[in-house]
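Reading the sequence shown from the start, the letters are residues 94 to 492 in the working numbering.
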Amino acid sequence: MHVLVVNAGSSSLKYQLVHVETGRVIAKGICERVGSPESFIKHERNGEKAVTELPLPDHVASVHAVIDALVDGENPAIAALSDIHAIGFRIVHGGQYFDKSVIIDEEVIARIDELSELAPLHNKPAISAIRACQKLMPETPMVAVFDTSFFQTLPPAAYLYPIPYEYYEKYGIRKYGAHGTSHRYVAYRAAQMLGESLDDLKLITCHLGSGCSMTAIDHGQAIDTSMGFTPLDGLMMGTRCGIIDPAIVPFLMDHEGFNTAQINEVLNKKSGLLGISGTSNDLRSIDEAADKGDPRAAMAYEMFAHSVKRYLGSYTYLMAGVDAIVLTAGVGENSAKMRRLIFAGMQRLGIRIDDKKNKMMGSFERIISHEKSRVTVMVIPTDEEYMIAKDTYEIVSAM
Ligand code: ADP
94 MHVLVVNAGS SSLKYQLVHV ETGRVIAKGI CERVGSPESF IKHERNGEKA
144 VTELPLPDHV ASVHAVIDAL VDGENPAIAA LSDIHAIGFR IVHGGQYFDK
194 SVIIDEEVIA RIDELSELAP LHNKPAISAI RACQKLMPET PMVAVFDTSF
244 FQTLPPAAYL YPIPYEYYEK YGIRKYGAHG TSHRYVAYRA AQMLGESLDD
294 LKLITCHLGS GCSMTAIDHG QAIDTSMGFT PLDGLMMGTR CGIIDPAIVP
344 FLMDHEGFNT AQINEVLNKK SGLLGISGTS NDLRSIDEAA DKGDPRAAMA
394 YEMFAHSVKR YLGSYTYLMA GVDAIVLTAG VGENSAKMRR LIFAGMQRLG
444 IRIDDKKNKM MGSFERIISH EKSRVTVMVI PTDEEYMIAK DTYEIVSAM
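Take a look at the structure:
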């Protein structure tokens with residue numbers, strides 16, 4: 094089955110055509126700067142990349158451009174639209190309505206639309222993309238895969254905030270989590286690599302990229318996660334602050350005269366690694382600067398590790414132990430130095446990293462803990478698109 098995976102952001106639309114049975118990516122690409130005069134599509138097939146500038150005023154135009162890129166040209170990925178057997182959409186927010194991926198119908202679209210307030214940059218663009226696909230391929234089954242659904246197993250003790258309960262009832266203010274498809278994918282792969290059922294494992298999955306989040310997965314169920322009502326919560330990130338004393342918000346608004354947009358900008362775009370270092374949101378640059386003696390870069394680096402350790406400790410306690418810790422995304426997959434810092438000195442907790450294995454570079458799945466380590470530490474490159482394709486395949490095949 095060929096599944097087209099569509100991931101619509103505010104000004105971009107990523108796509109992949111996946112042959113699900115083999116996991117082969119037939120073609121992939123991205124429409125960028127959608128809505129601006131400099132829009133273009135980058136299409137990749139058989140290792141060859143082509144960039145075409147063309148007007149993409151909205152996501153309807155982007156979907157048309159994607160279909161053209163797949164069907165046209167010298168070496169088309171598919172002969173006809175009918176070769177797309179199903180479409181899977183990444184949906185950022187499923188609120189409390191969706192605890193798993195679902196076939197898209199009018200009711201599902203209405204719910205996604207209703208949740209737009211919680212994910213203003215993502216849910217509306219996703220609906221535009223769905224509508225455009227429905228017009229072009231009215232008979233093709235479509236599936237919504239939500240970033241939040243994996244966290245619907247959190248118990249109220251984990252998802253409620255200790256603020257007046259009426260705000261939960263009135264506005265739905267609670268922890269929803271994010272990066273769910275990534276956490277679900279690496280957990281699924283970790284269980285396969287360990288040759289065990291997810292139902293028998295206590296896992297902590299760490300998605301450490303520009304955005305960072307961690308999840309405690311107890312016997313296959315997410316029981317806590319670090320991102321919250323929005324993706325601003327939890328770990329220190331590239332430009333986001335993660336958890337801070339909430340009293341800092343009104344304090345800064347009073348003392349700096351910030352309005353809500355400005356305070357949001359500070360906490361989302363000017364904080365994290367960038368805020369502390371003052372120079373970069375990229376861990377590689379921070380590392381280089383720290384090596385050259387920049388004290389703020391060194392502090393940012395330390396703080397990042399500290400933030401991850403805090404959650405490792407907290408989640409180990411919440412699950413009364415941990416069998417495996419999985420690292421993924423840009424930092425988790427690539428930074429041996431950060432991994433070393435995070436796990437150094439944890440032998441007493443049963444965590445021992447094998448330095449040689451930790452230093453191996455490359456985008457492949459591996460165990461980096463010592464064979465005598467009680468806790469297995471793994472690096473697993475994330476693949477959200479594959480997970481979306483797999484969900485779509487399973488739901489459509491069962492129809
Ligand atoms: P996103 O997809 O969320 O934009 P990524 O998962 O690509 O982010 O992660 C980006 C982060 O990964 C950046 O901070 C970058 O510095 C870091 N990163 C990538 N490669 C390395 C590396 N070799 N060493 C250290 N950090 C790295």
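Just so you know, even glycine gets a beta-carbon here, dropped at the ideal spot from N, CA and C.
With H, G and I counted as helix, E and B as strand and the rest as coil, what does DSSP make of Asp151? coil
beta-carbon Ser303 near the ligand ADP non-hydrogen atom, thresh 7 Å: yes
Look up Leu110 in the DSSP assignment and give the residues it is bridged to. Leu97, Ala120
Below 8 Å between beta carbons: does that hold for Gly304 and Arg277? no
Strand pairing of Ile418, partner residues [DSSP]: Ile297, Val470
The region 253 to 268 / the region 224 to 234 touching (three or more Cβ pairs under 8 Å): no
Assigned exposure category for Lys483 - 16 Cβ within 10 Å defines buried: buried
Going by CA-CA distance only, name the one from His348, Glu141, Gly406 that's closest to Ala170. Glu141
Complete alpha helix (DSSP H) runs within the region 148 to 228 (minimum length 4 residues, chain order): 152 to 164, 199 to 207
Closer than 8 Å is the cut-off here; do at least three beta carbon pairs connect the region 426 to 444 with the region 383 to 392? no
To which residues does DSSP link Ile266 through a beta bridge? DSSP lists no partner for Ile266.
Pick out whichever of Tyr269, Ile473, Ser490 has its Cα sitting closest to the Cα of Ala283. Ile473
Where Val267 and His112 are concerned, what is the direct C-alpha to C-alpha distance, given to the nearest angstrom? It is Arg, not Val, that sits at residue 267 in the sequence shown. In a straight line, the C-alpha of Arg267 is about 37 Å away from that of His112.
Three-state secondary structure (DSSP) of Ile459: According to the sequence shown, residue 459 is Arg rather than Ile. In this structure, Arg459 counts as strand in the three-state DSSP scheme.
In angstroms, rounded to a whole number, what distance separates the CA positions of Glu137 and Val96? 16 Å
Given this structure, state the Cα-to-Cα distance separating Leu376 from Ala172, to the nearest angstrom. 43 Å
Is it the case that the region 178 to 185 contacts the region 144 to 152, given that we only count it when at least three CB pairs across the two stretches are under 8 Å? no
For the beta strand (DSSP E) that Ile506 lies in, which residues bound it at each end? No statement about residue 506 is possible, as the shown extent of the chain runs from 94 to 492 and does not include it.
Quick check: what's the CA-CA separation for His157 versus Gly102? 16 Å
Return the residue from the list Gly122, Ile337, Ile444 that minimises the CA-CA distance to Ser400. Ile337
Below 8 Å, can you find three or more Cβ-Cβ pairs linking the region 453 to 472 to the region 411 to 424? yes
Verify the contact flag: Val185, CB atom, against every heavy atom of the ligand ADP, threshold strictly below 7 Å. no
Look up Lys402 in the DSSP assignment and say whether it is helix, strand or coil. helix
Under the rule that 16 or more other beta-carbon atoms within 10 Å means buried, what is Asp240, buried or exposed? buried
Which whole-angstrom value is the C-beta distance of Asp192 and Ser155, which I expect to be below 8 Å? Their Cβ separation, rounded to whole angstroms, is 29 Å, which puts Asp192 and Ser155 out of contact at 8 Å.
Got a sec, what are the start and stop residues for the alpha helix (DSSP H) Thr372 sits in? No alpha helix (DSSP H) holds Thr372; DSSP gives it neither H nor E.
Identify which residue in Gln314, Lys362, Asp317 has its Cα closest to the Cα of Gly331. Lys362
Report the rounded CA-to-CA distance for Leu174 versus Val164, giving the unit in angstroms. 7 Å
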